[in-house]
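So the protein sequences, as listed, match chains X and G. Just so we're aligned, residue 25 is where the first sequence starts under our numbering, counting upward by one. Just so we're aligned, residue 1233 is where the second sequence starts under our numbering, counting upward by one. Beta carbons: idealized from backbone N, C-alpha and C, even for Gly. The structure displayed is predicted, hence computed values, not measured ones.
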Amino acid sequence: MATIIGGIGTTHVPSIGKAIADGKQSDPYWRPFFKGFDYVHSWLARTKPDVAVVFYNDHGLNFFLDKLPTFAVGASAEYRSADEGWGIPVSRPVPGDADLSWHLINTLVEDEFDVTMCQEMLIDHALTIPLALMWPGITSSDAPWPVKIVPVEINTVQHPLPSLARAFKLGRSIGRALETYRPDLRVVAVGTGGLSHQLDGARAGFVNKEFDALCLDKIVAEPEALVRYSIHELVELSGSQGVEFLNWMAMRGALTGEVRELSRNYHIPISNTAAATAVYANQAAAGRKAA
Amino acid sequence: MQQDIPGTTIFDGAQAQKGLALNRMCFSFNSAENRADFLRDEDGYCGRYALTDEQRAAVRSRSVLKMIEAGGNVYYLAKLAGIFGLNVQDIGAQQTGMSVAAFKSKLLSAGA
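Here it is as structure tokens:
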């Protein structure tokens, strides 16, 4: 049976891609952010996941506003990336686990999540930058990939957005689906984006340290405390693009066991963003029935 | 009715409908060839995407706030800003009426 070993939350600001390409990880501006990945690297080296289920939001690479799904799941053996128009390096193609994708899709639809199924799907920086952060060099080298991915895309662009409760339940459904997946895979759930930031309007540059701290505290053992925030409140408290926290909530939902925070790093600013990195262990309850 | 959030435009159905042509043009800037075409003939390019007069004026003015008012979504507008070599900190400064240095130092002090 597949095991969900844990979860990782990380910011995905495009300028990180440029900083990596320019080798600036140790610069004074960047070090406070990149040092949060020292632990991530040792944890991944130790736990060796086979698959990463990545909750992220597309920024106008694969999806346009003409047809915009609320939830989309990739079902491909390979995902390509492409030019997004803002000059960050393009990742090499990333291998997917299509069998697992279909298993997740089947369970999601049974659970009344009528997701969009994508056999072709371009992945953008919100997926590739976290990969480059978690496995340095992997998006630009010829080295074998340590993981396959299943991309789960959540709309954070066009309102109405799904609620925090809905994103959490989406993650729950995926977590339960993983528990019933026969192959002995070790799976890590990844939620990308956030935390507080706003790029647009006269409130551009807004960040909210207190609210971010609350989110990072509650998401560990009391995620239900966060679902009471409406999307409107989330925009107000964490900024127009702080709503990417939906991806973190979905990641947390996929951790169905007992969850512990193993590491947390928080730094303002990376570009306009309050950047956060966290690792969570997921201890499956003994004898727990797959609901 | 929800309270408006100061300095914030929720990109809802009304905005999306209003901004479709402008955002579609910006979506096309994922292609380097299209970015070059735009730089060669901005007016012609805006015409091809059937921008409204308000959107054309907003693009001509380079004002991100005006583009948002015309229905632009920042994820798409960022692709247009990139053509002029502007990143999200440059457009943050522009929208808040600050110098880029002041905008950056405001963010640095938020983290202090």
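Query	Result
According to DSSP, is K72(X) part of a helix, a strand, or is it coil?	coil
From what residue to what residue does the beta strand (DSSP E) around H291(X) run?	282-294
What residues of chain X sit near K1338(G), judged by a beta carbon separation below 8 Å?	G229
What residues in the segment 256-280 of chain X bring their beta carbon closer than 7 Å to a beta carbon of chain G?	H256, V259, E260, S264
Where does A314(X) fall in DSSP's three states?	At A314(X), the pLDDT of 45 sits below 50, so the modelled position is not reliable; the number obtained from the coordinates is stated separately. Reduced to three states, the DSSP call for A314(X) is coil.
Whose C-beta lies closer than 6 Å to the C-beta of G1329(G) among residues of the same chain, with five residues either side of it excluded?	none
Report yes if the CB atom of L1318(G) is closer than 8 Å to the CB atom of P293(X), and no otherwise.	no
Beta carbons nearer than 8 Å to chain G: which residues of the segment 80-113 of chain X have them?	H83, G84, L85, F88, L89, D90, A106, D107, E108, G109, W110, G111
Straight-line CA distance for G1314(G) to I28(X)?	39 Å
Assuming L1270(G) is part of the alpha helix (DSSP H), what are its boundary residues?	As written in the sequence, residue 1270(G) is Phe, which differs from the Leu given in the question. Looking at the DSSP string, the run of the alpha helix (DSSP H) that includes F1270(G) is 1264-1272.
With a threshold of 7 Å on Cβ separation, who are the neighbours of C239(X) within its own chain once the five nearest residues in sequence on each side are excluded?	L219, L250, F269
Assign P207(X) to buried or exposed, taking buried as 16 or more other Cβ atoms, counted over all protein chains shown, within 10 Å of its Cβ.	exposed
Any beta-carbon of chain X closer than 8 Å to the one on L1252(G)?	yes
For M158(X), name the three-state secondary structure that DSSP assigns.	helix
What does the alpha-carbon distance come out to for the pair I1323(G) and V1296(G)?	7 Å
My parser needs the beta strand (DSSP E) runs of 3 or more residues fully inside the segment 70-110 of chain X; what are they?	75-80, 95-98
Could you tell me the distance, in whole angstroms, from the CA atom of F6(X) to the CA atom of I129(X)?	The structure shown has nothing for residue 6(X), since chain X only spans 25 to 315.
Rounded to the nearest angstrom, what separates Y290(X) and G266(X) at their Cα positions?	14 Å
Give the secondary structure of P56(X) by DSSP, where H, G and I count as helix, E and B as strand, and everything else as coil.	helix
Examine chain G for any beta-carbon lying closer than 8 Å to the beta-carbon of I292(X), and answer yes or no.	yes
Could you pull out every residue in the same chain whose Cβ sits closer than 8 Å to the Cβ of A315(X), ignoring the five residues on either side in sequence?	No answer about A315(X) holds up, because its pLDDT of 40 lies below 50 and its placement is not dependable.
Measuring CA to CA, which of W272(X), P184(X), A298(X) is closest to A1246(G)?	P184(X)
Specify the secondary structure class of M1257(G) as computed by DSSP and reduced to three states.	helix
Between the beta-carbon of V1320(G) and the beta-carbon of N232(X), is there less than 8 Å?	no
Excluding the 5 residues preceding and the 5 following M25(X) in the sequence, name in chain order all residues of the same chain whose CB lies nearer than 6 Å to its CB.	none
Taking C-beta pairs closer than 7 Å, name the residues in chain G that V64(X) reaches, listed in chain order.	Chain G residues near V64(X): none, gap ~21 Å exceeds 7 Å.
What does DSSP give as the partner residue(s) for V174(X) in the beta ladder?	V77(X)
Give every residue of the same chain whose Cβ lies closer than 7 Å to the Cβ of D107(X), excluding the five residues on either side of it in the sequence, and list them in chain order.	V114
Would you identify the three-state DSSP class for V214(X), choosing helix, strand or coil?	strand
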